[in-house]
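A short worksheet on the structure shown next.
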RNA sequence: GCCCAGGUGGCGGAACUGGUAGACGCGUUGGACUUAAAAUCCAAUGGCCAUACGAUGGCUGUGCGGGUUCAAGUCCCGCCCUGGGUACCA
């Protein structure tokens, strides 16, 4: 019987489901291993061949760990809230829940065909109220906690209230917004509303006026990671900066821990680097400047306090409150005009326009903290409101941007570090030069001067050491429908959390999914969107990353209605041992879920500080596009190698009607009506298409659907071919042409177990030495490659084994059955079929992975390459335990050596045992 | 601009701590089997050159230019290119 993959795959998928083979439970007798994929957003387009790449890799690893005796948790679910379903709903009126549900069903069907070892009992979707109950729950917890910098931990807000009532806020060191000092007495005399207002400054989930990214086209604000190059990541719509009252999560409180936690993680260096840059920790000083003729002061942040004596002017961000306060009346009109222009520009315009220097003098001066020299205060858009204090001290001699600004407005440039060239020409930013013209820090190098001047600033109360982060708090409100409602109501204008017993607060029905006439979010359309007592509920919903921030915890205990995860389940599964997903989540999901997890850790709900111990980024599968070349102004197409003789337009052609770059002309004529009468100029009777590597996309006609591949070759072939394509973490183009190789391999493998008549036959004869050697070296290699996630080379090794065993005519049970177990993680269907054909009654999924024995790998001889002056000339088989003297004698007297020795005595003889022999002449 | 990856045949990709470059697979060419096709199997396959033919020999070759070494795809220096991150972050 031949290899009938359709039959086999269907049969065993059914068996696995019927027998609940992949169902897992907490089992204290077994070590746990948690393998997780980044769960997909179920889009309307379904899966293409690039999506399962990571799932296949993680599935192979999960199966491998299971065969090694681990209790493996390997779940799958859906990140089901999101913009595409809602945009579609706005266009069609179709409820996003309906389209989402349809898409999920399609995903599930596609995934099921590939033969994953998912425990579908644990399937979850973020839009399910039973799930988002816990998203809302976590939000309330964040609302009810503040961050204590002294303990480096989130603590209940009630504690903070107690402290305020006892001693005011003077001794609190919290991650908070700027709060003025108050005493216990003042606190106790405040109204409820005033107290609530103060507490907002401390809460980890807080409502505040903040500068947000407003996207008009999507009708919502976006977080920093959802904006790139000044446009929204989803949809590419323009984004502007705007001040709005919005919910935020105080991610910055955890900046240091997010940074330091990276050290212990097994993530790729580049991913860690992206997170480090995103967090952007920099150490420097905060320095206080006094405004001339006023008692007012303001702070600036600088990483170069050593250049303090080189300050010649100050610059404020246009959006800064200080700009308004410090502008003198004579300069009011001009500054206002400038600020108006700067702030109305979109982010995109601002970015594309970074070269042009612009600014305005406020008319006011600040005093140098040490010299008392008056320094003009300017306003310019090169200073950002979001970083540091929104104000800088400008040192044009040693900062490129300040230099450009000074040159443009003809402001003085005063060098204080030795070693640069002409200070008028170029800013010199090295830390190695000697400090000059700087009083008490003269003579130090710039690097040494930094702690010295900070010491002095602190002594005189003029400033202090300061660590600054680029990371911003996460804006958590979206003015959209298809997301989690906030469990928040408003009383007297202040937000209060719903009682947890009221959760989940379910998404209400609305008559349309767009904003109201007066610009309020879609939830404002809901009838009775208020509490039982009649207090209005929050109208925004949560962003996409809300639901994905703790889903890995929910998978541990997905049906628990009492808690996000039970203590028992959490203690057992702990955290994710292996996480597989795309690098595009580096600054979003992977920051937020680490933050979320650390918060839950602080409040004692989870037992691990980091959620994802090891992480593998799978590369993108690119599309391999084919092109035809139409001669301009005709309906004539010319084959690839002849196209240069004509004036042609390259056109994408559906890769599904091209085989090995040869166009199926009949299919092409039928493909699009306008090509019906197309004519062709052929080469060798064929039409050869051009090739290009692009991203896989419908519009480029290069999408390969896994369903089609499975239909033609089977799931095992698809799984193996995706892995065989190359290392998992590299991007590579999909080219269906190569798939024959692994398909042939599986058939060849199958044939080893069958005789000529197709009868399953294995022999119990003792295997020969060469057979044992093939088996054991393959086990060794595949095991090493599994650990190293080098699945492409593991597959090559098994191909080599099958080639060798085929030519030996091996059909020994002792060889083939271990080899089968080795193959099973990669190709589980064929594994299960042959396992059962051999008479086993239980699933191969729990069969142990074979071990190799060193004794079969030992060699008695080694074939040495013999090189002369580093060039390999001939090979020589020698015993492995031979001495150098003996080798020397044999080599130098070898007849083939004479030609290279040329009667000369060798200068040097190099012998590296079991590696190489090199003779230097 | 800065930071991080990476550049190896016609293609996807191998090559452990420097030690036979091109494993494995695709494609291509030739052959066997077949009435034929499919399937299967065998052989060749980086480039260039020489040669009497065969299982012959040489030169050259891992983005480019230098260097270290008995030996460099691998290490060092200086460039170029591709991909990703970031974008006035003080």
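Residue numbers (our numbering): 45 to 965.
Beta carbons: idealized from backbone N, C-alpha and C, even for Gly.
No experiment lies behind these values; they were computed from the predicted model shown.
query                                                                                                                          : result
Cβ-based neighbour list, residue 43, same chain, cut-off 7 Å, excluding 5 preceding and 5 following                            : A question about residue 43 goes unanswered here, because the residues of the chain that appear run from 45 up to 965.
Touch test, the stretch 269 to 282 against the stretch 240 to 256, Cβ-Cβ under 8 Å, three pairs minimum                        : no
For residue 181, the first and last residue of its enclosing alpha helix (DSSP H)                                              : 173 to 187
Contained beta strand (DSSP E) runs [length at least 3] in the stretch 521 to 585, N- to C-terminal order                      : 532 to 535 and 538 to 541
Cβ-Cβ separation, residue 250 to residue 241 (assumed contact under 8 Å), whole Å                                              : That belief does not hold up - the Cβ atoms of residue 241 and residue 250 are roughly 11 Å apart, past 8 Å.
Cut-off 7 Å between Cβ atoms - residues of its own chain near residue 91, not counting five sequence neighbours on either side : 151, 154 and 750
Contact set for residue 94: own chain, Cβ-Cβ below 6 Å, skip 5 residues either direction                                       : 665 and 740
Within 9 Å, strictly: CB atoms of residue 329 and residue 346                                                                  : yes
Under 9 Å between C-beta atoms of residue 88 and residue 170                                                                   : no
Cβ-based burial, residue 993 [other Cβ within 10 Å; buried from 16]                                                            : What the structure shows of the chain is the stretch from 45 to 965, and residue 993 is not part of that stretch, so it cannot be assessed.
Three-state secondary structure (DSSP) of residue 407                                                                          : strand
Nonlocal neighbours in the same chain, by C-beta distance under 6 Å from residue 793, ignoring five residues either side       : 846
Nonlocal neighbours in the same chain, by C-beta distance under 7 Å from residue 275, ignoring five residues either side       : 281, 282, 283 and 392
Within the stretch 194 to 275, ranges of the alpha helix (DSSP H) (whole runs, at least 4 residues)                            : 201 to 211, 228 to 233 and 236 to 244
Helix, strand or coil at residue 826 according to DSSP, with G and I counted as helix                                          : helix
Counted within 10 angstroms of its Cβ, other Cβ atoms place residue 47 as buried (16 or more) or exposed                       : buried
Touch test, the stretch 47 to 66 against the stretch 859 to 874, Cβ-Cβ under 8 Å, three pairs minimum                          : yes
Per DSSP, cross-strand counterpart(s) of residue 282                                                                           : 275
Spatial neighbours of residue 551 in its chain, beta-carbon cut-off 7 Å, leaving aside the 5 residues before and after         : 529
For residue 512, three-class secondary structure by DSSP                                                                       : strand
Best match in 291, 320, 290 and 314 for proximity to residue 302 [C-alpha to C-alpha]                                          : 320
Straight-line Cα distance separating residue 127 from residue 636                                                              : 19 Å
Same chain only: Cβ atoms within 8 Å of residue 830, ignoring 5 sequence neighbours per side                                   : 104, 105, 108, 838 and 869
Beta-bridge partners of residue 79, as assigned by DSSP                                                                        : 622
Residues sharing a beta bridge with residue 381, DSSP                                                                          : BP columns for residue 381 are empty, so no partner.
Range covered by the alpha helix (DSSP H) that runs through residue 326                                                        : Counting along the chain, residue 326 falls outside any alpha helix (DSSP H), though it belongs to the beta strand (DSSP E) covering 326 to 335.
Nearest candidate by alpha-carbon position, reference residue 589, set 266, 802 and 865                                        : 266
Rounded separation between residue 341 and residue 546 - CA only                                                               : 48 Å
Any 3 or more C-beta pairs closer than 8 Å across the stretch 668 to 686 and the stretch 722 to 733                            : yes
For residue 291, the residue or residues it bridges with in DSSP                                                               : 251
C-alpha distance - residue 723 paired with residue 679, whole-angstrom precision                                               : 6 Å
Residue 881 beta carbon less than 9 Å from that of residue 804                                                                 : yes
Residue 646 classed as buried or exposed, judged by whether at least 16 other C-beta atoms fall within 10 angstroms            : buried
Residue from 890, 584, 413 and 377 whose Cα sits closest to the Cα of residue 64                                               : 890
Secondary structure of residue 117, DSSP reduced to three states                                                               : strand
CA-to-CA distance, residue 769 to residue 159, given in whole angstroms                                                        : 19 Å
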